[in-house]
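Enquirer: I am attaching a structure below and will ask some questions about it afterwards.
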Ligand code: SF4
Ligand code: SF4
Ligand code: FES
Ligand code: FES
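Protein chains in written order, with our numbering: chain A, 873 to 1026; chain B, 862 to 1761.
In structure tokens form, the structure reads like this:
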């Protein structure tokens, strides 16, 4: 069941849309905001609310990288692996970061603190290499800087 | 017509048509995956690339996708240009990166479009040295097998399933190099047309799960043109046999009827044929036991028994025209009874009367797709005539195409058309007592009990045309609906009224006919499509058998009875049928499957099922269609009409001993001019092409010389078919025969079902020499404009009383299909469908057992609820093996079964 708050926020989004069935993505975002990821149950809840099949909602959810169909840690690190960042040594940094956290891309640390996900271009190529943790953009990364930044997220 | 140039040769093409479609139609081979003639183009696979040049001086040209390119005047194209050939080979190479290359163990192997296209592009060598991505496969129910690793992401499956067939539970998941086609979770595919995925998917992802139980390659199957026996629409099929077992049913293309698609009952309902309990021996009763006997012996016994006294014959709506005729002839027309209930008899009479004497236009299934307004009156079409529902659904696409054409989107650009029309609805109103599948495309759905639906229908006819009889007394809120609907139908150029047997009301047909009459005029020809219950209901009707219910009730029966392929318990109340049977001294039954009626027989003769017989079915629109044996069943099983001929010959010492179908037909048309077209449905059995018969088995058929080696090391003489100009082996003509004799699609380089392109006049058009089948009834030249009188309407129900209305079910209501294993797995328990309010009043919950009482009888049924249905109705599953409940519709009550 969707919570009252979730329902309210989805309903607000729906007001801007021509049809209820166009609201799948917005609904997924609202629910993920509260539940941190989209479980099978969340898929059912949304499909019921929007009058769409679970299969339709799941098709949508699995299309978007930033809709998580597996549990994620308290903080999600989006590490850019696209061309500008790659030129600026992002490959190497990402590997170091993974080693530091003890996880591979797509995995979550055992204490549920971090999930590491590679993304293609965060639109800050001039400050490459970059990563985003939750809603914060971190630029001009170095190995040391990354370690410091991580400390801000408990 | 414009001139275009393809590899230096001038062609005349229709402007605006898609280029791929055109090239395939003129016999040029361009590889493709995502294009499908019934579903148009999306440009997803990039395989259909060709070169296009600006003018004669352009030597470089540019690569374009032929499936999304309209034909233009003066166009210069190359299919053979080396660069574009290389491009196509590369597309295949990349599609094959993750493909498992498991052809030897793949059920698609040997009829795989991916194999064909790979060979056609010339890609032969794998260079990718990385790991392949793999998927977990899903359980998709009893019909379809899933092997996702073989997918090449052409999107045909979801385009068919979601968009063409309106399914909600198959989709694509993920993105980029990991896209998965399946369900949200494991489970049975819910759409009634899921089986078409087997033919739509160009690879081995979706394959026939029932075939897997007794797998045989396409090249090892003996096949024949046949007709589906599971409803009255007459979809064309190709049954395939090996070692005396029916292995599968495939779609046989008929432009006018089923096109490319079958329903799942038709495709998977065949398994009953291979059941152990088939009647396969000649049997005679000794005391309580039926014992095996020989043909000579039984013919003598039958002669002895039936010589004295009068004999009554009961025909069958599931037996061929020929078989019914043979029985009619044997017992005499005055003793021939149609073998259906009084109610069905009445409906059939009326329907024939309408076809013959009223100015109606009965469209083919294909033509229903062209309707620009459809009214579905009181019928759950998806369950009573499934394939028709798929056609009616296409009126949505027709509307969408018309809308899109206004902004110059070509009709064949499938996805663009759909995107443009978005959630637009079909020009359709459904009026049914409960929620039906077509409601999701209909622009309006009204929930009325069946009696109100009839009344509404008569009112509507009057609203459209004052000449139609008026109805007094109806709820005031109907006025607005009536006005809207009358307006929509009057504004349509091709309005269509649809109903069928499922609602069980004779008046429903009359209401539908009146609406059609009211609409008919100078400028408008309205269509009426009424679905009868069985494959040959129409053929039986045309033979004009007597109404059995008359003598059932009076009990005025003669001594002897012959029953042809019929289980009377499906048409009459058990007590009545028991009593009826007990009056007879001798009962001869000719059938292929044991039923409740078998218990009463004193003599039993084994008949062939459709795939083992030759004959004609006449579908609900009056189209006569020939079917041929896919294989000769093991003796003594044979065509019912042959048995009846032999009995006649033995009994009367004259006539009846037909050696071939042609002989039987020649006699039939002498007695009944209406059946004259039956002799023109296919060439006579003496027909030869280059001196050869048409081969049933393909050239590559294996193992013939050793098939019977466990019985005899010498190769057996192949069986002969007296009824068809076809051989049972690969010997014979293997080119393109007349379309009435096409039993497989196979051309050089085209091993998959897509070879069909080469048998059509143009891709997706009629068969090369026109489509098989002929209408036997066409509307009269001078019809009288006439209307049925308004019936006396049912009085209102009393407190607590409900209209018990039949609920047909695609899986469960079919007599033979419901014996088939996969269909059984998909069949729900018999249930009663009620509104939650009704459930509440009677203290019932979903899945409780309710007792339904009517007519002094009671039935125990599981409760299902539907909050969108009419609340004065209880829908009851009809025709299910566990409970036939033949007398519906009725009025009755419902209550909870008290737990002990
Ligand atoms: S899908 Fe076709 S190409 Fe693929 S394994 Fe099966 S037969 Fe071979
Ligand atoms: S499953 Fe078949 S039809 Fe669907 S995308 Fe894959 S190859 Fe095409
Ligand atoms: S490439 Fe990393 S931000 Fe654009
Ligand atoms: S057939 Fe043209 S892109 Fe697939």
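Glycine included, each C-beta is placed from N, C-alpha and C at the ideal position. Since this is a predicted model, take the numbers as computed values, not measurements.
1. What does the alpha-carbon distance come out to for the pair residue 1092 of chain B and residue 1359 of chain B?
2. Whole-angstrom Cβ separation of residue 934 of chain A and residue 1035 of chain B, contact assumed at under 8 Å?
3. Run through the segment 1393 to 1436 of chain B for me and flag every whole beta strand (DSSP E) of 3 or more residues, listed as ranges in chain order.
4. Tell me, please, which residues DSSP counts as bridged to residue 1478 of chain B.
5. Under DSSP, the beta strand (DSSP E) around residue 873 of chain B begins and ends at which residues?
6. Roughly how far, in whole angstroms, is the beta-carbon of residue 1140 of chain B from the beta-carbon of residue 1465 of chain B, given that I think they are within contact range, below 8 Å?
7. Mapping DSSP to helix, strand and coil, what is residue 895 of chain A?
8. Could you tell me which chain B residues have their CB closer than 8 Å to the CB of residue 913 of chain A, listed as they occur along the chain?
9. Beta strand (DSSP E) containing residue 1692 of chain B: first to last residue?
10. Do you know whose CA, among B:1182, B:1121, B:948, lies nearest residue 898 of chain B's CA?
11. Rounded to the nearest angstrom, what separates residue 879 of chain A and residue 900 of chain A at their Cα positions?
12. Could you check if residue 1081 of chain B is buried or exposed, using at least 16 other CB atoms within 10 Å of its CB as the buried criterion?
13. Using the beta-carbon of each residue, which ones in chain A are nearer than 8 Å to residue 1035 of chain B?
14. Can you confirm whether the segment 1531 to 1550 of chain B touches the segment 1396 to 1414 of chain B when touching is taken to mean that 3 or more C-beta pairs between the two stretches lie within less than 8 Å?
15. What number of angstroms, rounded off, separates the C-alpha of residue 1295 of chain B from the C-alpha of residue 1095 of chain B?
16. Helix, strand or coil for residue 1538 of chain B, going by three-state DSSP, please let me know.
17. Helix, strand or coil for residue 1756 of chain B per DSSP?
18. Please indicate yes or no: does the CB of residue 1483 of chain B lie closer than 6 Å to some heavy atom of ligand 4?
19. Between which residues of its own chain and residue 977 of chain A is the CB-CB distance below 6 Å, once the five residues before and five after are set aside?
20. Run the CB neighbour count on residue 1254 of chain B, radius 10 Å, all protein chains shown included, and call it buried at 16 or more, exposed below.
21. Given that residue 1029 of chain B touches chain A, what residues does it touch there, using C-beta distances under 8 Å?
22. What does DSSP give as the partner residue(s) for residue 1129 of chain B in the beta ladder?
23. Ignoring anything shorter than 4 residues or poking outside the segment 1222 to 1299 of chain B, list the alpha helix (DSSP H) runs there in chain order.
24. If you reduce the DSSP assignment to three classes, tell me which class residue 991 of chain B lands in.
25. On the criterion of 16 or more Cβ atoms from any shown chain inside 10 Å, does residue 968 of chain B qualify as buried, or is it exposed?
26. Looking at residue 1449 of chain B and residue 1208 of chain B, is the spacing between their C-beta atoms short of 7 Å?
27. Just checking my contact of residue 1543 of chain B with residue 1604 of chain B at CB under 8 Å: how many whole Å lie between their CB atoms?
28. Pairing CB atoms from the segment 1005 to 1014 of chain A with CB atoms from the segment 909 to 921 of chain B, are three or more of them under 8 Å?
29. Can you tell me which residues form a DSSP beta bridge with residue 1356 of chain B?
30. Taking only beta-carbon positions, decide if residue 891 of chain A is within less than 7 Å of chain B.
31. Is residue 954 of chain A close to ligand 3? I mean its beta-carbon at under 6 Å from any heavy atom of the ligand.
32. Should residue 1016 of chain B be counted as a contact of ligand 5 given a C-beta to heavy atom distance under 6 Å?
33. How big is the Cα-Cα spacing for residue 1701 of chain B and residue 1008 of chain B?
34. Tell me which same chain residues have a C-beta within less than 8 Å of the C-beta of residue 1610 of chain B, skipping the five on either side of it?
35. Under 8 Å by Cβ, that's how I've got residue 1077 of chain B and residue 1100 of chain B pegged, so tell me the actual separation to the nearest angstrom.
36. Could you check whether the segment 1549 to 1556 of chain B touches the segment 1581 to 1590 of chain B, counting it as contact only if at least three pairs of C-beta atoms, one from each stretch, sit closer than 8 Å?
Expert: Quick answer:
1. 16 Å
2. 5 Å
3. 1421 to 1425
4. B:1486
5. 870 to 874
6. 6 Å
7. helix
8. By Cβ distance, chain B contributes nothing, its closest Cβ being about 12 Å from residue 913 of chain A, past 8 Å.
9. 1692 to 1695
10. B:1121
11. 11 Å
12. buried
13. 934, 935
14. yes
15. 27 Å
16. helix
17. strand
18. no
19. 988, 990
20. buried
21. 924, 925, 927, 928
22. The partner list for residue 1129 of chain B (beta bridge, DSSP) is empty, contrary to what the question assumes.
23. 1226 to 1229, 1242 to 1245, 1247 to 1266, 1275 to 1282
24. coil
25. buried
26. no
27. 12 Å between Cβ atoms; not a contact.
28. no
29. B:1234
30. yes
31. yes
32. This structure does not include ligand 5; its bound ligands are ligand 1, ligand 2, ligand 3 and ligand 4.
33. 45 Å
34. 890, 977, 980, 981
35. That belief does not hold up - the Cβ atoms of residue 1077 of chain B and residue 1100 of chain B are roughly 12 Å apart, past 8 Å.
36. yes
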